[in-house]
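Reviewing the structure listed below.
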Amino acid sequence: MSSTDHSNTHGSVGESAAAASSPPRPMETKQTADETSTAATPMRQPPQLGQETFWSPRLRAQRGDYFKAMGATTLLLMITVWAVISIYWGSVYKEIDCSPNLSAWIINRDSGTIGATIQEALLASNDGPKPHSTWTVINPSRFPTQDEADYEVTNTLSTWMIVTIAEDATARLEQARASGDASWDPRSLISLTYATSRNFQVVPSMVLSPAMNTLNKALAQLSGQLAGQYLTSIASNQSAINNLARAPQTIASPIVLNQRDLRPYDAPVAIAVLVVGLIYLCILAFNSTLANFNARQGLQPFLRYRSLVAMRFLAPLVCYFFVSLMISLLNIPFDLPFGRTFSYGAGFMTWWCATFTGMCILGLVTECFISIVGPRFIGFTLVAWIIVNVSVANLPIELSPTIFYRYGYAMPFYNIRGIYVKIIFDVGQRIEILKYFGILWAWLAVILLTFPIWIYLERRSALKARQAQQSGIEKSSS
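Okay, so the sequence shown: first residue is 14 according to the numbering used here, each after it adds one.
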């Protein structure tokens, strides 16, 4: 090595050492301090699992997402209250005001004072305080026998109640007093015919109770009037007074209302199946929908469209078949009377068929909903689905305030309940069961035709989401 090279090398080493030993410049010192400060700021560090408080600065983004989600949910719930739950409130708030929509008949076979007084009192109640039924006078020749009139109450359901004044009621009472008939039955003149099991909530409160109040007031006044007139007429007739002594009931309580409940509500367990049982049926079907959704996530991306539709439709039906059987069998140990309309076995099989059909409708509708709105909003659709059904199922649609509620005649709850009531209490005509089943089968037909459409739209939306996600990954990697 030359002396010149050695000198240059020595100079370079000396300069490096001098540079290393010299103090840092002011600008370099400031930059280093800023980098150290930035690295130590909590905002720049990732949040630690299980170690952060709710208001931690490191959770600002997650906290914002949480508030947005809860705020949106709260807003949707408030909208649901006014848009959906209000439907149920509206179905009951005019119940008393709409009570005149319930028809009641007067069959007056008496041409005397008793028939005229009772008929006048009932017709006058049409303009009285509510609740009350609307009373109509029916020509007795239309129903020559009591059995024919009874059929209108229990089977054709043409009226909610019939008040019948017996033929020649006034003359029969006068004859019993004059002859001293000790066997006189005060309940033989006026009868009230009704069927509580047609609707155990409405008949006692909206039909029977107002009618009883009106009739009791009329009879109290009528009995006093008739007794006074008769006692005045026999004041000097000792024989008539002696006859009256042998039949004191003809003057003390000559007329007592004969209540004929042809279909009493004598199966308490029916409350479970008619009031809340249908809601339980819907919830069970909804649980099947959620289970089906979660179970198929790993499978459905690989299925062809036809296979996916078949799986989405057939798999729930298998579940509904067994669950509907179990909930039908549940009624047996609790003595639900299946044998009043059909034989016990036929009644049970009809019940199971109605339950299975209803569960298919209630469940497959939620299957459609989950394809349309997704799992995030399925709870809102369930609330709406239950509300629109319950609003028209428990009370007669005649008591609803507007024509809007007539949609209930087509709803699953209404028609399933109609089948149940016919089986348990034999209320209505057998042919009505076919009508109820026809409406339910129409629901199934509509679902069968539209379900593939919702699945196709859901599948297309999921495919677009996957493609967008894949494109984003490719862009970020490039």
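Cβ coordinates follow ideal geometry from the N, Cα and C atoms, glycine included.
>> Using only the alpha-carbon positions, how far apart do Thr-42 and Gly-77 sit?
In response: Unreliable placement is indicated for Thr-42, whose pLDDT of 48 sits below 50; no coordinate value is reported for it.
> Can you name, in chain order, every residue of its own chain whose Cβ lies under 7 Å from the Cβ of Glu-65, other than the five neighbours on each side?
Replying inline: Arg-71 and Leu-72
> Can you tell me whether DSSP reads Leu-12 as helix, strand or coil?
Replying inline: Since the first and last residues shown for the chain are 14 and 491, residue 12 lies out of range.
>> Using the Cβ count rule (16 or more neighbours within 10 Å means buried), how would you classify Pro-267?
In response: buried
>> Could you compute how far the alpha carbon of Thr-363 sits from the alpha carbon of Gln-442?
In response: 15 Å
>> Quick check on DSSP: helix, strand or coil for Thr-354?
In response: coil
> Does the beta-carbon of Ser-301 have 16 or more other beta-carbons within 10 angstroms, so that it is buried, or is it exposed?
Replying inline: buried
> Considering only the beta carbon of each residue, do Leu-202 and Leu-228 sit closer than 9 Å?
Replying inline: no
> Straight-line CA distance for Asp-110 to Leu-408?
Replying inline: 14 Å
> Got a sec? Which residues, its chain only, sit under 7 Å from Pro-425 by beta carbon, not counting five neighbours each side?
Replying inline: Gly-371, Ile-374, Leu-375, Asn-402, Leu-453 and Trp-456
>> Using only the alpha-carbon positions, how far apart do Gln-234 and Cys-366 sit?
In response: 54 Å
>> In this structure, how does DSSP classify Ser-207 when only helix, strand and coil are distinguished?
In response: A small fix is needed here, since residue 207 is Tyr in this sequence, not Ser. In the structure shown, Tyr-207 sits in a strand (DSSP, three-state: E or B).
> Quick one: what's got a C-beta closer than 7 Å to Ala-328's C-beta in the same chain, skipping five residues either side?
Replying inline: Asn-305
> Taking the beta strand (DSSP E) that Gln-75 falls in, what are its first and last residues?
Replying inline: Careful: Gln-75 lies outside any beta strand (DSSP E), inside the alpha helix (DSSP H) at 73-93.
> Using the beta-carbon count (16 or more within 10 Å), is Gly-360 buried or exposed?
Replying inline: buried
> Going by other Cβ atoms of all chains shown within 10 Å of its Cβ, with 16 needed for buried, is Arg-259 buried or exposed?
Replying inline: exposed
>> Quick test of the definition: if touching needs 3 or more C-beta pairs under 8 Å, does the segment 117-134 touch the segment 164-178?
In response: yes
>> Checking the sheet assignment: what are the DSSP bridge partners for Thr-227?
In response: Paired residues: none, contrary to the question.
> In terms of residues, what are the limits of the alpha helix (DSSP H) holding Trp-467?
Replying inline: 443-490
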